[in-house]
Amino acid sequence: MEDLGRHLLDHYQRGFPLSPRPYAEVAQHLGVTEEDVIGALETLSREGAIARLGAVVRPGAMGAGTLAAMAVPDERIDEVTALVNGYHEVNHNYEREHRLNLWFVVIAADRARLDAVLADIKQCTGLDVIDLPMEKEYHLDLGFALKWT
Amino acid sequence: MDMTETHQCVLAAVADGLPFSPSPYADIGRQVGVDEETVIAMLSDMLESGTIKRLGLVARHRELGYRANAMVVWDVADELVDAVGQRMGAVDFVTLCYRRTRRPPDWPYNLFSMIHGRDRATVLAQVDELTRLPGLTDVPRSVLFSSRRFKQRGARYARPPVPA
């Protein structure tokens, strides 16, 4: 990875400038051009090193959310994953090594819509969906400190 | 802070990601139907109130070489969980820490912590370190490594953004 990309990852996971030309402001701090910064971000994004440059939102601020878990038989994992990912309310979906092997985050406008999505997944798959809503958050998200090797 | 429909639209837009254009806030303003200055003022308010936890690059751990992603879950007594959670959330290698509803008998665990590491051995050593925190020594726990990621994107407001 190029030095500029690393630098952006080390210093701009938070505190991205709220000014009319934020990329130019970052560029000025780093002694490069606005085009350099935008180019480095496009590269990070294209390479998949960043999901986006944007806001990480406090849970609950965008409606009702939950973490859902399902025990999906191995031979049905592709089919069930495709169905679950098809809901635009689902924004993270991971397979994990456990009897409950499919874990996804659902965020909906309100609890009623959230319940409807979970009920729909249950009905379409014939599998149970365990609903694990958050009650409290203990971690202040400051971004992730990468250790370059 | 009162969240108006316009706040929600601006929030939805920045949660999805800023455009890589010289004036991203003006672009978002055009999408949502307000001017650049309003977008910036609203984002500043939402950062201050904690609605937005941070604004910046959102890393994808796996692509950056952090291939071992473990959700470590604990069954902590209700009267202790807040104190233990605060302690755990302050540990530098813990990237997320939450209390969630238990669902016995399927799911007895109430405290969730996430660890992203370069390899499993490192992560398991870090889990060991957590078990030495006060209140966690003899607590039932489970470590769930992720084997595949099927989807990752910002939280999306469920209603399509419309101007207020």
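Protein chains in written order, with my numbering: chain S, 464 to 612; chain W, 2 to 165.
Ideal Cβ positions, reconstructed from N, Cα and C, are used throughout, including at glycine.
The model shown is predicted, which means the values in this text are computed figures rather than measured ones.
Next on the checklist: Can you check which of these residues, W/65, W/72, W/6 and W/102, is closest to residue 125 of chain W by C-alpha distance?
Outcome noted: Here the question's residue 125 of chain W lines up with position 124 in the second sequence. Comparing Cα-Cα distances from residue 125 of chain W to each of W/65, W/72, W/6 and W/102, the minimum goes to W/72.
Next on the checklist: Just to make sure I have the definition right: I need the residues of chain S whose C-beta is within less than 8 Å of the C-beta of residue 109 of chain W. Which are they?
Outcome noted: For this step, residue 109 of chain W is matched to residue 108 along the second sequence. The contacting residues do not exist; residue 109 of chain W stays about 12 Å from chain S at best.
Checklist entry - Opposite residue 501 of chain S in the DSSP bridges: which residues? => result Locating residue 501 of chain S in the first sequence gives position 38, where the first residue counts as 1. Residue 501 of chain S is not bridged by DSSP to any residue.
Next on the checklist: For residue 594 of chain S, report the span of its beta strand (DSSP E) as first-last.
Outcome noted: Here the question's residue 594 of chain S lines up with position 131 in the first sequence. Residue 594 of chain S -> beta strand (DSSP E) spans 593 to 595.
Checklist entry - What residues in its chain sit with their C-beta under 8 Å from that of residue 606 of chain S, if we drop five residues either side in the sequence? => result Residue numbering aside, residue 606 of chain S sits at position 143 when the first sequence is read from its first letter. Only 476 and 477 meet the Cβ criterion.
Item to check | Partner residues on chain S for residue 101 of chain W, Cβ-Cβ distance less than 8 Å | outcome: Against the second sequence, residue 101 of chain W aligns to sequence position 100. Ordered by position in chain S, the residues that pass the 8 Å Cβ test against residue 101 of chain W are 530, 595, 596, 597 and 598.
Item to check | Chain-ordered neighbours of residue 15 of chain W on chain S, where CB pairs are closer than 7 Å | outcome: Within the second sequence, the letter at position 14 stands for residue 15 of chain W. Here the neighbours are 517 and 518.
Next on the checklist: Spatial neighbours of residue 598 of chain S within its chain, please: C-beta separation below 8 Å, excluding the five flanking residues on both sides.
Outcome noted: By one-based count along the first sequence, residue 598 of chain S stands at place 135. Answer for residue 598 of chain S: no residue qualifies.
Checklist entry - Where residue 500 of chain S and residue 65 of chain W are concerned, what is the direct C-alpha to C-alpha distance, given to the nearest angstrom? => result Counting from 1 along the first sequence, the entry for residue 500 of chain S is found at position 37. Counting from 1 along the second sequence, the entry for residue 65 of chain W is found at position 64. The alpha-carbon atoms of residue 500 of chain S and residue 65 of chain W are separated by roughly 19 Å.
Checklist entry - Does the region 514 to 528 of chain S come close enough to the region 68 to 87 of chain W to have 3 or more Cβ pairs within less than 8 Å? => result no
Checklist entry - For chain S, is any of its Cβ atoms less than 7 Å away from the one on residue 19 of chain W? => result Against the second sequence, residue 19 of chain W aligns to sequence position 18. True, the Cβ-Cβ gap to chain S drops below 7 Å.
Item to check | Contacts around residue 22 of chain W, its chain only, beta-carbon distance under 8 Å, and the 5 residues preceding and following it disregarded | outcome: Counting from one through the second sequence, the residue named residue 22 of chain W turns up at place 21. Contacts found: 28.
Checklist entry - What alpha helix (DSSP H) runs, 4 residues minimum, are completely inside the region 74 to 115 of chain W? => result Counting only runs that start and end inside the region 74 to 115 of chain W, the alpha helix (DSSP H) elements of at least 4 residues fall at 82 to 90.
Next on the checklist: Any contact between the region 87 to 100 of chain W and the region 122 to 142 of chain W? By contact I mean 3 or more CB pairs, one from each, below 8 Å.
Outcome noted: Put simply, the region 87 to 100 of chain W touches the region 122 to 142 of chain W. At least three CB pairs are less than 8 Å apart.
Checklist entry - Given that residue 12 of chain W touches chain S, what residues does it touch there, using C-beta distances under 8 Å? => result Numbered from 1 along the second sequence, position 11 holds the residue referred to as residue 12 of chain W. Those within 8 Å of residue 12 of chain W in chain S are 518, 520, 524 and 525.
Checklist entry - Using CA coordinates, which residue listed in W/149, W/103, W/134 and W/35 is at the minimum distance from residue 84 of chain W? => result The residue labelled residue 84 of chain W in the question sits at position 83 within the second sequence. In terms of Cα proximity to residue 84 of chain W, the closest of W/149, W/103, W/134 and W/35 is W/134.
Checklist entry - Quick one: what does DSSP say residue 508 of chain S is sitting in, helix, strand or coil? => result Here residue 508 of chain S is taken as the residue at index 45 of the first sequence, counted from 1. It is helical.
Checklist entry - By Cβ distance, which residues of its chain are closer than 6 Å to residue 496 of chain S, with the 5 residues on each side in sequence left out? => result The sequence position of residue 496 of chain S within the first sequence is 33, counting from 1. Closer than 6 Å at Cβ, skipping near neighbours: 490.
Item to check | Proximal residues to residue 557 of chain S (C-beta, below 6 Å), its chain only, five neighbours per side dropped | outcome: The count along the first sequence starts at 1 and reaches residue 557 of chain S at position 94. Excluding residues within five positions, the ones whose Cβ falls inside 6 Å are 566.
Next on the checklist: Less than 7 Å between the beta carbons of residue 552 of chain S and residue 569 of chain S, yes or no?
Outcome noted: Position 89 of the first sequence, counted from the first residue, corresponds to residue 552 of chain S. Position 106 of the first sequence, counted from the first residue, corresponds to residue 569 of chain S. A contact, by the Cβ cut-off of 7 Å.
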